[in-house]
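*Asks:* Below is the structure I would like to discuss, written out as structure tokens.
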Amino acid sequence: MNTKEIKKKLQNYIKTNKGIETVLGKLTFTNSDGLGEGGNGLVYLSEINEKKIAIKFLITDSERKCTRFKSEYFNTNYVRDELCNIVNRYTMENFK
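Each residue of the sequence shown is one higher than the one before, counting from 82 in the working numbering.
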């Protein structure tokens, strides 16, 4: 399955299920909550404990993009005290 097919499958899943289950609880969102799409995946708006958050779905088969994504995450957390509303969790299952 290529990245375009995976993006479409994720969008359909979100549309059908109105969100996803996570360790933080159910994150609800609709296709209208999509904030954007970049070279690495999709970004959606959701809420946790009545606070708005952005969820970024990494969709790639490129090791270079995976490494860049992880670097972005760790760099963001390194300066998170200077930023606001950073969710300090992500799933690394696909990066092992």
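Note that beta-carbon positions come from the ideal geometry of N, C-alpha and C, so glycine has one too. Nothing here was measured: the structure is a model prediction, and the numbers come from that model.
What residue range is occupied by the uninterrupted beta strand (DSSP E) comprising Glu86?
*Replies:* Here residue 86 corresponds to residue number 5 of the sequence shown, with the count starting at 1. Per DSSP, Glu86 belongs to no beta strand (DSSP E); it is in the alpha helix (DSSP H), Thr84 to Asn98.
*Asks:* Taking the alpha-carbon positions, what's the Gly106 to Gln92 distance?
*Replies:* For the purposes of this step, residue 106 is taken as residue 25 along the sequence shown, with counting starting at 1. For the purposes of this step, residue 92 is taken as residue 11 along the sequence shown, with counting starting at 1. Going from the Cα of Gly106 to the Cα of Gln92 covers about 19 Å.
*Asks:* What is the DSSP secondary structure of Thr148, counted as helix, strand or coil?
*Replies:* Numbered from 1 along the sequence shown, position 67 holds the residue referred to as residue 148. Here Thr148 sits in helix by DSSP.
*Asks:* Would you kindly work out how many angstroms separate the C-alpha atoms of Met82 and Ile129, rounded to a whole number?
*Replies:* Counted from its first residue, the sequence shown places residue 82 at position 1. Counted from its first residue, the sequence shown places residue 129 at position 48. C-alpha separation (whole angstroms): 31 Å.
*Asks:* When burial is assigned at 16 or more other CB atoms within 10 Å of the CB, is Phe155 buried or exposed?
*Replies:* Numbered from 1 along the sequence shown, position 74 holds the residue referred to as residue 155. Phe155 should be labelled exposed.
*Asks:* Going by alpha carbons, who is nearest to Thr103 out of Ser143, Gly122, Ile87 and Ser127?
*Replies:* Counting from 1 along the sequence shown, the entry for residue 103 is found at position 22. Nearest option by C-alpha distance: Ser127.
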